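*Asks:* As given, the protein sequences belong to chains A and B, one line each in that order. Numbered according to our numbering, the first sequence terminates at residue 261, and the numbering increases by one at each position without gaps. Numbered according to our numbering, the second sequence terminates at residue 291, and the numbering increases by one at each position without gaps. For every residue, glycine included, the Cβ atom is placed at its ideal position computed from N, Cα and C. Every value quoted in this text rests on a predicted model; they were computed, and no experiment measured them.
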Amino acid sequence: MGDRNTARDEEFQSFVVGRWPRLMRTAFLLTGEQHAAEDLVQSTLEQVYVAWRRVGSADDPEAYVRRVMINAHARKHRRRLKEFLAPKDDSGLVHEVPDTGDSIAQADDRRALLTALAQLPARQREAVVLRYWEDLTETQAAEAMGCSVGTVKSNAAKGIAKLRAIPGLAETVTQGGRK
Amino acid sequence: MTSADRERKHDMTQTDIALLLADAADEVEIGIAPVQAVIRGGRRRRARRWAVAGATALVLAGSTGATVALTGLHGGGDGGTVTPATRSPAPDGRQVELPQRTELAKGTDRGTRWRVVVDVWEAPRNEAEARVQLDAMHTFKEAPADVRRAADLVGKESYFVKRGLDDDFGQVVLQNTRPATDAALSGRDIQTEAIPLRPADPQRLVIGQVAVTARQVTCTWQNGTTSVVRVLSEEYEPGDMVIRPLPGSSDNWFVCLAPKGTAYKSVEVTE
Numbered sequence: 083m084g085d086r087n088t089a090r091d092e093e094f095q096s097f098v099v100g101r102w103p104r105l106m107r108t109a110f111l112l113t114g115e116q117h118a119a120e121d122l123v124q125s126t127l128e129q130v131y132v133a134w135r136r137v138g139s140a141d142d143p144e145a146y147v148r149r150v151m152i153n154a155h156a157r158k159h160r161r162r163l164k165e166f167l168a169p170k171d172d173s174g175l176v177h178e179v180p181d182t183g184d185s186i187a188q189a190d191d192r193r194a195l196l197t198a199l200a201q202l203p204a205r206q207r208e209a210v211v212l213r214y215w216e217d218l219t220e221t222q223a224a225e226a227m228g229c230s231v232g233t234v235k236s237n238a239a240k241g242i243a244k245l246r247a248i249p250g251l252a253e254t255v256t257q258g259g260r261k
Numbered sequence: 021m022t023s024a025d026r027e028r029k030h031d032m033t034q035t036d037i038a039l040l041l042a043d044a045a046d047e048v049e050i051g052i053a054p055v056q057a058v059i060r061g062g063r064r065r066r067a068r069r070w071a072v073a074g075a076t077a078l079v080l081a082g083s084t085g086a087t088v089a090l091t092g093l094h095g096g097g098d099g100g101t102v103t104p105a106t107r108s109p110a111p112d113g114r115q116v117e118l119p120q121r122t123e124l125a126k127g128t129d130r131g132t133r134w135r136v137v138v139d140v141w142e143a144p145r146n147e148a149e150a151r152v153q154l155d156a157m158h159t160f161k162e163a164p165a166d167v168r169r170a171a172d173l174v175g176k177e178s179y180f181v182k183r184g185l186d187d188d189f190g191q192v193v194l195q196n197t198r199p200a201t202d203a204a205l206s207g208r209d210i211q212t213e214a215i216p217l218r219p220a221d222p223q224r225l226v227i228g229q230v231a232v233t234a235r236q237v238t239c240t241w242q243n244g245t246t247s248v249v250r251v252l253s254e255e256y257e258p259g260d261m262v263i264r265p266l267p268g269s270s271d272n273w274f275v276c277l278a279p280k281g282t283a284y285k286s287v288e289v290t291e
């Protein structure tokens, strides 16, 4: 049994190392803050470790990890998000359209998007991140969020509509982005 | 805002959103994965989970060939919801006003989710504590058998086994109140009760106690098949049926469930 446990731990370590960057990016979009993202990913992976015997041998361990992360986010970070990202004044969402290639402007755009995400209700934010960052199907997103496909569609559509309503972001896109 | 501005906003496609999200996600500092910290944290979580399971300390009178000590309450109880026992321990660590709760087993059978939990009440030391406990039991919709007045509880621990089905949680199916000084089970002692999983079903659900030295229990069903339940190990996952060694407890508990279409015949410690 000891050998099996050691092998399982090694397998888990490889999983963590391999998935850490992607999970951090997802968590960052969900939480909007570096340390909150680290906490969310670490907490998620600790829970995955407890169930690793079952998760590691599953056909799609990623689905389980996503589900745990979304649950953890819903529990722990929903209320905190606005503390991190709420604009200091009413003008926080309105940005001038700077020149393409301007790194400061690019950072502003990122901040604008993260701020805009922070304005979304948690379920809309989760739906947008899962559908358009994780590139999940509606069915996969529904599984991760523990809800129906219809709920995912509705939340994603509302979230996208709100992001579209932000002038700075719309301008960025129509100018081809800054990447 | 001009109509052209509005048009441009609507041109913001979902692909554009994806690109913006990818750009924003790059702002995070990835760093090195804290693998060892994650594993340590995972082990702590697992230990905490087991510690919760180990919070039960039940003692049943037992000796080889002993009669069943559980009092069956088939069809009893009211299915009320019970608040989980979350509280701060008293200075001396005794808590007579709230039970310790342990989930023994859970699963899904023919689409019905089921679980078995045990609420354990510590023995009151005096009549005042007993009154507090008896009142508290009533709030949990748990009524000890053969107890007419609070003083009857002094020096006795009580436990209530509850069976939950889907969202109807908390029907008391077994109950016992017995002196806390009774001896623990030993050797191949075993005390069990078979009850229906659903009210009108045959007796498929077996709940029992064995000595802490027992490593394996074999349940035999009427159709000749058997189910083997082994002692809790690191391989344990929620939902597994195991013999649970509970730290600080005199006996261990187990649950096994007969396959569909058959029922309980016998059970014994086989290892």
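What residue does the alpha helix (DSSP H) around K280(B) start on, and which one ends it?
*Replies:* Along the second sequence, one-based indexing puts residue 280(B) at 260. It is not in any alpha helix (DSSP H) - K280(B) carries neither H nor E in the DSSP assignment.
*Asks:* Is the distance from the Cβ of K161(B) to the Cβ of G184(B) below 9 Å?
*Replies:* Indexing the second sequence from 1 puts residue 161(B) at position 141. Indexing the second sequence from 1 puts residue 184(B) at position 164. Against a cut-off of 9 Å, the Cβ pair of G184(B) and K161(B) comes out as no contact.
*Asks:* Using a Cβ cut-off of 8 Å, pull out every chain B residue sitting near E92(A), in sequence order please.
*Replies:* Along the first sequence, one-based indexing puts residue 92(A) at 10. Residues of chain B passing the Cβ test: none, with the nearest at roughly 10 Å.
*Asks:* If you draw a straight line from the alpha carbon of R250(B) to that of G207(B), how long is it in whole angstroms?
*Replies:* In the second sequence, the residue the question calls residue 250(B) occupies position 230. In the second sequence, the residue the question calls residue 207(B) occupies position 187. Roughly 16 Å between the two C-alpha positions.
*Asks:* With a cut-off of 8 Å on the beta carbons, I'd call T128(B) and R218(B) a contact; round off their distance for me.
*Replies:* Within the second sequence, numbered from 1, the residue matching residue 128(B) stands at position 108. Within the second sequence, numbered from 1, the residue matching residue 218(B) stands at position 198. Wrong, their Cβ atoms sit about 13 Å apart, outside the cutoff.
*Asks:* Pick from K285(B), T245(B), I263(B): whose alpha carbon is nearest that of V237(B)?
*Replies:* Numbered from 1 along the second sequence, position 217 holds the residue referred to as residue 237(B). Cα-wise, what sits closest to V237(B) is I263(B).
*Asks:* Specify the secondary structure class of D46(B) as computed by DSSP and reduced to three states.
*Replies:* The residue labelled residue 46(B) in the question sits at position 26 within the second sequence. Coil.
*Asks:* DSSP on R205(A), reduced to helix/strand/coil?
*Replies:* The residue you call residue 205(A) lines up with position 123 of the first sequence. Note: R205(A) maps to helix in three-state DSSP.
*Asks:* Which residues of chain A have a Cβ atom closer than 9 Å to the Cβ of A125(B), listed in chain order?
*Replies:* Numbered from 1 along the second sequence, position 105 holds the residue referred to as residue 125(B). Within chain A, no residue comes near A125(B); the closest Cβ sits about 17 Å away, beyond 9 Å.
*Asks:* Using a beta-carbon distance below 9 Å, is T108(A) in contact with chain E?
*Replies:* Going by chain labels, chain E is absent from the structure shown, which instead holds the protein chains A and B.
*Asks:* Would you check if the distance between the CB atom of G241(A) and the CB atom of L202(A) is smaller than 9 Å?
*Replies:* Mapped onto the first sequence, residue 241(A) falls at position 159. Mapped onto the first sequence, residue 202(A) falls at position 120. Their beta carbons are under 9 Å apart, which means G241(A) touches L202(A) by this criterion.
*Asks:* From A215(A) to P164(B), what distance separates their C-alpha atoms?
*Replies:* In the first sequence, the residue the question calls residue 215(A) occupies position 133. In the second sequence, the residue the question calls residue 164(B) occupies position 144. Checking the sequence, you will find Trp at residue 215(A) rather than Ala. For W215(A) and P164(B), the distance between alpha carbons rounds to 56 Å.
*Asks:* Give the secondary structure of H133(A) by DSSP, where H, G and I count as helix, E and B as strand, and everything else as coil.
*Replies:* As a position in the first sequence, residue 133(A) is number 51, starting the count at 1. Looking at the sequence itself, residue 133(A) is Ala, so the reference to His does not match. DSSP places A133(A) in coil when its eight states are reduced to three.
*Asks:* Excluding the 5 residues flanking G175(B) on each side, which residues of the same chain have their C-beta closer than 8 Å to its C-beta?
*Replies:* For the purposes of this step, residue 175(B) is identified with residue 155 of the second sequence, where counting begins at 1. Hits under 8 Å: A143, P144, R145, P199, A200, T201.
*Asks:* Could you tell me how far apart the beta carbons of D139(B) and F180(B) are, in whole angstroms, since I believe they sit closer than 8 Å?
*Replies:* Indexing the second sequence from 1 puts residue 139(B) at position 119. Indexing the second sequence from 1 puts residue 180(B) at position 160. Confirmed, about 5 Å.
*Asks:* Give the secondary structure of E93(A) by DSSP, where H, G and I count as helix, E and B as strand, and everything else as coil.
*Replies:* Taking the first residue of the first sequence as position 1, residue 93(A) is located at position 11. Helix at E93(A).
*Asks:* Is the number of C-beta pairs between the region 47-54 of chain B and the region 221-238 of chain A that are closer than 8 Å three or more?
*Replies:* Contact between the region 47-54 of chain B and the region 221-238 of chain A is absent, because fewer than three Cβ pairs lie under 8 Å.
*Asks:* Which residue wins for smallest C-alpha separation from Q211(B), given the options G228(B), L118(B), D221(B)?
*Replies:* Numbered from its first residue, the second sequence carries residue 211(B) at position 191. Q211(B) has its Cα closest to that of G228(B), out of G228(B), L118(B), D221(B).
*Asks:* Could you check what DSSP says for F160(B) in three-state terms: helix, strand or coil?
*Replies:* Residue mapping note: residue 160(B) aligns to position 140 of the second sequence, counting from 1. Three-state DSSP puts F160(B) in coil, outside helix and strand.
*Asks:* If I'm right that V234(A) touches A209(A) with Cβ under 8 Å, what's the distance once you round it to whole angstroms?
*Replies:* To locate residue 234(A), count along the first sequence from 1; it is residue 152. To locate residue 209(A), count along the first sequence from 1; it is residue 127. Indeed they touch by this definition, with Cβ atoms about 5 Å apart.
*Asks:* Kindly list, in the order they appear in chain B, the residues whose Cβ is closer than 8 Å to that of P203(A).
*Replies:* Looking up residue 203(A) in the first sequence gives position 121. In chain order: nothing, as chain B lies at least about 17 Å away.
*Asks:* Give, in chain order, every residue of the region 111-125 of chain A whose Cβ lies closer than 7 Å to some Cβ of chain B.
*Replies:* Residues L111, Q116, A119, Q124.
*Asks:* Could you tell me whether any Cβ in chain A is nearer than 9 Å to the Cβ of V48(B)?
*Replies:* In the second sequence, the residue the question calls residue 48(B) occupies position 28. It does; some Cβ of chain A falls within 9 Å.
*Asks:* So V370(B) and V136(B) are supposed to be a Cβ contact under 8 Å. How far apart are they, rounded?
*Replies:* Since the displayed chain B opens at 21 and closes at 291, residue 370(B) lies outside it and no answer follows.
*Asks:* Name the two residues that bound the continuous alpha helix (DSSP H) containing Q222(A).
*Replies:* Working through the first sequence from its first residue, we reach residue 222(A) at position 140. Here the alpha helix (DSSP H) through Q222(A) covers 220-227.
*Asks:* Is V13(B) helix, strand or coil by DSSP?
*Replies:* The first residue shown for chain B is 21 and the last is 291, placing residue 13(B) beyond what the model contains.
*Asks:* For D142(A) and chain B, any beta-carbon pair shorter than 9 Å?
*Replies:* Taking the first residue of the first sequence as 1, we reach residue 142(A) at position 60. No - not a single Cβ of chain B is within 9 Å of the one on D142(A).
*Asks:* Exposed or buried, which one is Q129(A) when buried takes at least 16 other CB atoms within 10 Å?
*Replies:* Within the first sequence, numbered from 1, the residue matching residue 129(A) stands at position 47. Its Cβ being crowded by 16 or more others within 10 Å, Q129(A) is buried.
*Asks:* Would you please verify whether the beta carbon of I152(A) is less than 9 Å from any beta carbon of chain B?
*Replies:* Indexing the first sequence from 1 puts residue 152(A) at position 70. Chain B, which has no Cβ nearer than 9 Å to the Cβ of I152(A), makes this no.
*Asks:* Would you kindly work out how many angstroms separate the C-alpha atoms of A234(B) and E291(B), rounded to a whole number?
*Replies:* For the purposes of this step, residue 234(B) is taken as residue 214 along the second sequence, with counting starting at 1. For the purposes of this step, residue 291(B) is taken as residue 271 along the second sequence, with counting starting at 1. Approximately 6 Å between the Cα atoms of the pair.
*Asks:* If we ignore side chains and look at the alpha-carbon of each, how far apart do V137(A) and R64(B) end up?
*Replies:* To locate residue 137(A), count along the first sequence from 1; it is residue 55. To locate residue 64(B), count along the second sequence from 1; it is residue 44. Each residue's Cα considered, the two are about 18 Å apart.
*Asks:* How big is the Cα-Cα spacing for A278(B) and S96(A)?
*Replies:* Locating residue 278(B) in the second sequence gives position 258, counting from the first residue. Locating residue 96(A) in the first sequence gives position 14, counting from the first residue. Approximately 40 Å between the Cα atoms of the pair.
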